[in-house]
Amino acid sequence: MAKQTPFYQAHIDAGARIVDFGGWDLPINYGSQINEHNAVRTAAGMFDVSHMTVVDIKGVEARSYLTRLLANDVAKLQYPGKALYSCMLNPDGGIIDDLIVYFLSEEYFRVVVNAATHDKDMAWLELQAGAYQVTISERRDLAMLAVQGPQARQKTAAILAPNEAEQVLALKVFQAAQIGDMFIARTGYTGEDGFEIMLPEATASTLWNQLLDQGVQPCGLGARDTLRLEAGMNLYGQDMDDTTSPLESGLGWTVAIKDDRDFIGREKLLNLRQVGIQKKLVGLVLEGKGVLRPGQTILDLEGKEIGGTTSGSFSPTLQKAIAMARINVGIENDCLVDIRGRKLAVRIVKLPFARNGKVCTGILD
29 MAKQTPFYQA HIDAGARIVD FGGWDLPINY GSQINEHNAV RTAAGMFDVS
79 HMTVVDIKGV EARSYLTRLL ANDVAKLQYP GKALYSCMLN PDGGIIDDLI
129 VYFLSEEYFR VVVNAATHDK DMAWLELQAG AYQVTISERR DLAMLAVQGP
179 QARQKTAAIL APNEAEQVLA LKVFQAAQIG DMFIARTGYT GEDGFEIMLP
229 EATASTLWNQ LLDQGVQPCG LGARDTLRLE AGMNLYGQDM DDTTSPLESG
279 LGWTVAIKDD RDFIGREKLL NLRQVGIQKK LVGLVLEGKG VLRPGQTILD
329 LEGKEIGGTT SGSFSPTLQK AIAMARINVG IENDCLVDIR GRKLAVRIVK
379 LPFARNGKVC TGILD
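Right under this line is the structure:
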């Protein structure tokens with residue numbers, strides 16, 4: 029039987045279509061995925077992300093542990109509430125998972141990892157903790173709600189006391205603060221502004237109803253996927269996994285390798301940089317009619333296979349089919365996609381496709 033989040037009854041009351049997602053009963057939509065997508069691009073929507081794994085890391089060697097564990101450098105975290113996006117790598121430089129780490133104090137950090145990788149992530153965190161004076165605690169007592177869109181911050185502030193609203197509106201991107209019983213972070217997975225809110229399970233439904241009263245649109249997994257795809261954000265298990273490195277996944281910017289910091293996977297990444305990667309992650313826009321999906325073959329104009337799509341969908345913002353694809357380095361010209369034997373023209377574009385409510389420059393030129 030699938031697990032249910034503290035928002036489950038709220039989903040049912042809102043008319044959600046529930047699906048099993050990695051062992052969790054979660055909404056795929058509430059009637060119209062496109063309306064939900066557009067609500068986030070133009071106003072505000074909320075997503076139940078309580079299935080994601082919140083882990084607290086405490087101890088006198090918490091920073092040293094994360095310095096070794098992560099490809100990005102936690103030395104960048106110098107004041108409470110500051111957040112950092114990073115990949116957690118295996119010794120071969122493959123991505124075990126991507127995550128966000130929050131600095132709360134020198135002996136207290138919080139990380140949020142993906143639901144689909146829960147078991148292997150927790151096992152890896154525990155394994156690597158063996159050499160350090162740290163404790164690893166999964167916070168299954170917390171619910172998590174993402175409120176995203178150009179009006180998300182104001183609508184969230186509207187349910188808070190004036191002093192709390194002032195504090196939360198002052199948060200910069202990738203900053204977080206404890207506001208009452210809520211841990212509110214200015215982060216997200218949609219390409220829009222907003223918050224990700226962690227709070228006790230007991231008060232989750234109250235927060236949902238307060239935001240509903242402010243006109244925030246409930247949104248399901250379907251809209252979350254098209255939003256993150258338009259924003260050029262990787263999905264673990266499709267656009268990256270433990271066989272691909274950050275350098276091959278458009279995530280080289282998350283690797284802090286210039287100093288002599290020793291982190292897991294460093295040597296492999298140094299070797300990759302020296303010899304050069306063979307594949308790169310790009311965006312594709314289908315020139316005509318058709319549907320782009322993961323696993324489709326990409327060909328050069330002479331019909332030679334050069335890669336494949338990793339994610340793909342119809343883009344409500346662009347009104348075109350779009351995809352992310354891993355293709356041979358050196359390919360700059362437009363190419364072809366094989367859709368059930370039909371070779372259709374696709375244009376290579378720089379990610380992202382859309383953010384902050386707008387199509388990015390050059391995507392539709």
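Reminder that position 205 of the sequence shown reads as 233 in my numbering, one-by-one numbering, no gaps. For glycine and all other residues, C-beta sits at the position ideal for the given N, C-alpha and C. All figures in this text were calculated on a predicted structure; none of them were measured in a lab.
Considering only C-alpha positions, which residue in the set Y160, Y264 and Q238 is nearest to H146? Position 118 of the sequence shown holds residue 146. Checking every option, the nearest Cα to that of H146 belongs to Y264.
CA-CA distance, K317 and A349? Counting from 1 along the sequence shown, the entry for residue 317 is found at position 289. Counting from 1 along the sequence shown, the entry for residue 349 is found at position 321. Put simply, the backbone Cα of K317 is about 8 angstroms away from that of A349.
Spatial distance of G398 from Q37 (CA atoms): It is not possible to answer for residue 398, since the shown part of the chain is limited to 29 through 393.
What are the uninterrupted segments assigned as alpha helix (DSSP H) that are 4 or more residues long and contained completely in the stretch 108-190, given in chain order? 146-157 and 180-185
Output the distance between the C-alpha atoms of Q302 and P380, rounded to the nearest integer angstrom. Counting from 1 along the sequence shown, the entry for residue 302 is found at position 274. Counting from 1 along the sequence shown, the entry for residue 380 is found at position 352. Straight-line Cα distance between these residues: approximately 27 angstroms.
Using a threshold of 8 angstroms, state whether the C-beta atoms of I391 and I359 are closer than that. Stepping through the sequence shown from its first residue, residue 391 is reached at position 363. Stepping through the sequence shown from its first residue, residue 359 is reached at position 331. Their beta carbons are not under 8 angstroms apart, which means I391 does not touch I359 by this criterion.
Beta-carbon within less than 8 angstroms of Q32's beta-carbon, same chain only, minus the 5 sequence neighbours each way: which residues are those? In the sequence shown, counting from the first residue as 1, residue 32 sits at position 4. Cβ neighbours of Q32 beyond the five flanking positions: W52 and D53.
Which value, in whole angstroms, describes the spacing of the CA atoms of V102 and A373? For the purposes of this step, residue 102 is taken as residue 74 along the sequence shown, with counting starting at 1. For the purposes of this step, residue 373 is taken as residue 345 along the sequence shown, with counting starting at 1. If you take the alpha carbons of V102 and A373, they lie about 43 angstroms apart.
What number of angstroms, rounded off, separates the C-alpha of N356 from the C-alpha of E134? In the sequence shown, the residue the question calls residue 356 occupies position 328. In the sequence shown, the residue the question calls residue 134 occupies position 106. For N356 and E134, the distance between alpha carbons rounds to 43 angstroms.
Check whether the stretch 182-198 and the stretch 246-263 touch, using three or more Cβ-Cβ pairs below 8 angstroms as the test. no
Would you mind stating whether D125 and K296 have Cβ atoms separated by less than 8 angstroms? Residue 125 sits at position 97 when you count from the first residue of the sequence shown. Residue 296 sits at position 268 when you count from the first residue of the sequence shown. For the pair D125 and K296, the CB atoms are not nearer than the 8 angstroms cut-off.
The stretch 72-86 in contact with the stretch 165-183 per 3-pair CB rule at 8 angstroms: yes
Using the C-alpha atoms, what's the distance from K386 back to L227? By one-based count along the sequence shown, residue 227 stands at place 199. By one-based count along the sequence shown, residue 386 stands at place 358. Each residue's Cα considered, the two are about 31 angstroms apart.
N- and C-terminal bounds of the alpha helix (DSSP H) containing V303: The sequence position of residue 303 within the sequence shown is 275, counting from 1. That run of the alpha helix (DSSP H) goes R294 to V303.
Bridge partners of D348, per DSSP? The residue you call residue 348 lines up with position 320 of the sequence shown. At residue 348 the sequence reads Lys, which differs from the Asp that was named. Per the DSSP secondary-structure output, K348 pairs in a beta bridge with S343.
Does the contact criterion of 3 or more C-beta pairs under 8 angstroms hold for the stretch 85-97 versus the stretch 158-167? yes
Go through the stretch 352-385 residue by residue and report every complete run of the beta strand (DSSP E) that reaches 3 residues or more, in order. Whole beta strand (DSSP E) segments, 3+ residues: 363-367 and 370-377.
Enclosing beta strand (DSSP E) for E89 [first to last residue]: On the sequence shown, residue 89 is found 61 positions in, with the first residue counted as 1. First-last for E89: undefined, no H or E at that position.
With distances taken Cα to Cα, identify the nearest neighbour of F35 among S339, W236 and L312. Counting from one through the sequence shown, the residue named residue 35 turns up at place 7. Of the listed residues, the one whose Cα sits closest to F35 is W236.
With a threshold of 16 other CB atoms inside 10 Å of the CB of Q179, please say whether the residue is buried or exposed. Reading the sequence shown from its first residue, position 151 is the one you call residue 179. When all chains shown are included, Q179 counts as buried.
Cβ distance (whole Å) where A351 is taken to contact L312 below 8 angstroms: On the sequence shown, residue 351 is found 323 positions in, with the first residue counted as 1. On the sequence shown, residue 312 is found 284 positions in, with the first residue counted as 1. Their Cβ separation, rounded to whole angstroms, is 4 angstroms, which keeps A351 and L312 in contact under 8 angstroms.
Return the CA-CA distance between K308 and I123, expressed in angstroms with no decimal places. Mapped onto the sequence shown, residue 308 falls at position 280. Mapped onto the sequence shown, residue 123 falls at position 95. Each residue's alpha carbon lies about 15 angstroms from the other.
Close-in-space but distant-in-sequence residues of the same chain around I207 (CB under 8 angstroms, 5 per side omitted): As a position in the sequence shown, residue 207 is number 179, starting the count at 1. Around I207: L188, E192, Q195 and V196.
Quick one: what's Y264 bridged to in DSSP? Here residue 264 is taken as the residue at index 236 of the sequence shown, counted from 1. Answer is M268, bridged to Y264.
Boundaries of the beta strand (DSSP E) in which A204 is found, first to last residue: In the sequence shown, residue 204 corresponds to position 176, counting from 1. Segment A204 to I207, the beta strand (DSSP E) holding A204.
Cα separation between D366 and A157? For the purposes of this step, residue 366 is identified with residue 338 of the sequence shown, where counting begins at 1. For the purposes of this step, residue 157 is identified with residue 129 of the sequence shown, where counting begins at 1. Answer to the nearest angstrom: the Cα atoms are 46 angstroms apart.
Where do the ends of the beta strand (DSSP E) carrying R321 lie? Taking the first residue of the sequence shown as position 1, residue 321 is located at position 293. First-last for R321: undefined, no H or E at that position.
Whole-number beta carbon distance between D41 and A9, since they are thought to touch under 8 angstroms: Any question about residue 9 goes unanswered here, given that the chain covers just 29 to 393.
Can you confirm whether the stretch 62-75 touches the stretch 266-284 when touching is taken to mean that 3 or more C-beta pairs between the two stretches lie within less than 8 angstroms? no
Just verifying my parser: in three-state terms, what is the DSSP assignment at G331? Residue 331 sits at position 303 when you count from the first residue of the sequence shown. Looking at G331 - three-state DSSP - the assignment turns out to be coil, as it is neither helix nor strand.
When you compare each of P344, D267 and L329 to R375 by their alpha carbons, which one comes out closest? As a working note, residue 375 is residue 347 in the sequence shown. Measuring from the Cα of R375, the nearest candidate turns out to be L329.
Roughly how many whole angstroms lie between the Cα atoms of Q176 and G216? In the sequence shown, counting from the first residue as 1, residue 176 sits at position 148. In the sequence shown, counting from the first residue as 1, residue 216 sits at position 188. Going by the C-alpha atoms only, they are around 7 angstroms apart.
Please report the straight-line C-alpha distance between N66 and F291, rounded to a whole angstrom. Along the sequence shown, read from residue 1 onward, the residue named residue 66 stands at position 38. Along the sequence shown, read from residue 1 onward, the residue named residue 291 stands at position 263. Cα-Cα distance, rounded: 41 angstroms.
Could you have a look at T81 and say whether DSSP puts it in helix, strand or coil? Position 53 of the sequence shown holds residue 81. DSSP places T81 in the strand class (E or B) of the three-state scheme.
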